[in-house]
Amino acid sequence: MAKTENLLMKYLAFAKTAETGSFTAAAAELNYAQSSVSKMIADLEQHFGAALLERGKGGVTVTSFGMEILPRVRRILGDCDELEQYADSLRGLESGFVRIGTFASAAINLLPDIFGKFQKDYPKIECEMLLGDYTDVRNWIDEGRVDCGFLPLPIKDFDFFPVKRDEYVVVMPTGHPLAEQSAVDIKQLENEPFLLLEHGGKTEVSEILEKGGVKPKIRFTTWEDFAVMAMAEKGLGVGILPSMILKRIPYNLEIRPLKERYFRDIGIAVKNVERLSPAAKRFLSYLRPKNS
């Protein structure tokens, strides 16, 4: 039993170091000395007969062998957490830990109310939020780094539940001629300097423009919603953003719907709902259609 427990601690040290990219940061989170974390990973590398991490001046990176091992290590650690939480539930305890992956607008406008209700009912269950883009959230769910995550529908390869419908709208500086209209025809964006919300592959805004047959003059491309707002406020162009991110913003902007309305449907995704811990299943119940 002691040998198994010791191996689990080494797995945890490896997973945390891979996550943080630093022995120092991993040691701080685990409340261990840095030398202890380094020793545990060195022991694990000897156990596997291959290097798990590349050490460098800028920190550590996961080797190709480590990348193959890491998802399995996270699954083992997740199974251990699930077992502990299930045992707690059998004893009538309401403790546990839930990790949620999310993008900015959901983090700002959906999660605070949900966290508030959930923590009121289950104060002993801890919640951790990881913030990233759609690709990050998908990867975190797949790797087991989070229990669940917000993603736009349709969601492939995961169990999912719809949560909210969010409309895309046009943002522009005050005094812009298009602001004189109650709604904007997407064709009117053809000759406007455009602030494109995109990261990596094609996203919803590009698809909206493509469906409308519009090829605007792209002035800036960014994945940061607030960067689009800031540049629009300064008169650098117009953009299309999801309306949910535009609540309680610190920018002075004109906001108009599109004449042909476009929406994104946001859902909560899990790798396998049957394998969720009791705490994660409780949290998921707060995101079902009654909260949409």
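Counting in our numbering, the sequence shown runs from 6 upward without gaps.
We put the beta carbon where it would ideally sit given N, CA and C, even for glycine.
Can you grab the Cα-Cα spacing for the pair residue i / residue j, in whole Å?
i: L58; j: I260; result: 48 Å
i: A188; j: L200; result: 19 Å
i: K21; j: G64; result: 13 Å
i: K295; j: K169; result: Per-residue confidence for K295 stands at a pLDDT of 46, beneath the threshold of 50, marking its modelled position as unreliable; the derived number appears in the next sentence. Cα-Cα distance, rounded: 10 Å.
i: L183; j: D270; result: 27 Å
i: P139; j: F108; result: Note on identity: in this sequence residue 139 is Tyr, with Pro being the wrong assignment. Each residue's Cα considered, the two are about 7 Å apart.
i: L263; j: D190; result: 6 Å
i: C132; j: R104; result: 6 Å
i: N257; j: V176; result: 10 Å
i: N144; j: F163; result: 11 Å
i: K125; j: L135; result: 21 Å
i: I81; j: R280; result: 12 Å
i: M249; j: S110; result: 6 Å
i: P167; j: S290; result: 12 Å
i: F288; j: L156; result: 16 Å
i: E197; j: L115; result: 32 Å
i: V42; j: E34; result: 11 Å
i: M234; j: M45; result: 47 Å
i: K286; j: D147; result: 17 Å
Less than 7 Å separating the Cβ of residue i from some heavy atom of the ligand FMN?
i: V189; result: For the structure depicted, the ligand FMN is absent and the ligand set is empty, with no information on it obtainable.
Could you spell out the range, first to last residue, of the alpha helix (DSSP H) harbouring residue i?
i: V219; result: Where V219 is concerned, there is no enclosing alpha helix (DSSP H), given that its DSSP letter is neither H nor E.
i: G121; result: L116 to D126
i: L183; result: Neither: L183 is in no alpha helix (DSSP H) and is coded neither H nor E.
i: M146; result: Just to set this straight, residue 146 is Ile in the shown sequence, not Met. Where I146 is concerned, the enclosing alpha helix (DSSP H) stretches over Y139 to E148.
i: A56; result: Careful: A56 lies outside any alpha helix (DSSP H) and carries neither H nor E.
i: F28; result: F28 to L35
Determine the burial state of residue i: buried for a count of at least 16 other Cβ atoms within 10 Å of its Cβ, exposed for fewer.
i: G218; result: exposed
i: K122; result: exposed
i: D152; result: buried
i: H181; result: buried
i: Q90; result: buried
i: R60; result: exposed
i: P283; result: buried
i: F53; result: exposed
i: A274; result: buried
i: P221; result: buried
i: K129; result: exposed
i: P117; result: exposed
i: P247; result: buried
i: D84; result: exposed
i: F165; result: buried
From the DSSP secondary-structure annotation, give me the bridge partner or partners of residue i.
i: P153; result: The sequence shown places Cys at residue 153, rather than the Pro named in the question. Paired residue(s): I105.
i: L202; result: T227
i: Y173; result: P247 and Y267
i: G61; result: G64
i: P178; result: L258
i: V189; result: L263
i: D164; result: V275
Name the two residues that bound the continuous beta strand (DSSP E) containing residue i.
i: V67; result: G64 to V67
i: T135; result: Before going further, note that residue 135 is Leu rather than Thr in the sequence given. Note, L135: beta strand (DSSP E), I130 to L136.
Beta strand (DSSP E) runs contained entirely in the segment 230–285, provided each spans 3 or more residues: Listed in chain order, they are 243–247 and 258–275.
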